[in-house]
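Residue numbers (my numbering): 40 to 169. The beta carbon of each residue, even a glycine, is placed where N, CA and C say it ideally should be. Here's the structure we're looking at; comments come further down.
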Amino acid sequence: MKFALQINEGPYQHQASDSAYMFAKAALEKGHEIFRVFFYHDGVNNSTRLTTPPQDDRHIVNRWAELAEQYDLDMVVCVAAAQRRGVVDEGEATRNGKDATNIHPKFRISGLGQLVEAAIQSDRLVVFGD
């Protein structure tokens, strides 16, 4: 089965990102496909490379990045939600006059069209969070 995932919550204030990660990992290990992972609303905070949790805590951003590396996942961050929350890549930094970027290199910023395409191309769109 081909899945698309939508994560609407940030990494440490809600269970959604952990649940989505565990779902994706289990699905991929069973031979299913993840067409795209789309981070929306506060879920865009899962993409910042500046996250530095305590050593005895899980590093959710790195978990997602490692899964993306292992399975060549398309990790898309909603541009409007990212701008509202200060998550920027090189293009957005230049366009908006910012002097730094903070998106992890395994993620990319794009629009809602990527979510629509993922829903069309996949057998199931699974949404995590409110």
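Measuring CA to CA, which of the options is closest to residue i?
i	options	result
arginine 75	Ile159, Asp169, Gly168	Ile159
alanine 121	Ser56, Phe146, Glu108	Phe146
glutamine 45	Glu129, Val116, Arg123	Val116
leucine 67	Pro50, Asp111, Ala157	Asp111
If residue i and residue j are in contact, beta carbons under 8 Å, what's the gap, nearest whole angstrom?
i	j	result
valine 165	phenylalanine 42	6 Å
isoleucine 58	glycine 82	Reading the sequence as shown, one finds serine at residue 58 and not isoleucine. Not confirmed; about 12 Å, so no contact.
arginine 134	methionine 40	38 Å between Cβ atoms; not a contact.
In this structure, how does DSSP classify residue i when only helix, strand and coil are distinguished?
i	result
leucine 43	The question names leucine, yet the displayed sequence has alanine at residue 43. Strand.
glutamate 108	helix
serine 58	helix
glutamate 156	helix
serine 149	strand
glutamate 72	strand
arginine 171	Examination of residue 171 is not possible in this model, given that the chain is present from 40 through 169 alone.
Counting only the same chain and skipping the five closest in sequence on each side, list residues whose C-beta sits under 8 Å from that of residue i.
i	result
tyrosine 60	Ile99, Arg102, Trp103, Leu106
Give every residue of the same chain whose Cβ lies closer than 7 Å to the Cβ of residue i, excluding the five residues on either side of it in the sequence, and list them in chain order.
i	result
lysine 137	Val127
histidine 141	Residue identity check: residue 141 is asparagine in the sequence provided, not histidine. Excluding sequence neighbours, asparagine 141 sits near Thr87, Arg88, Leu89, Val126, Val127.
Just to confirm my understanding: we take residue i, look at its own chain, exclude 5 residues before and 5 after, and list those with CB closer than 6 Å. What are they?
i	result
phenylalanine 167	Ile46, Ala55, Ser58, Ala59
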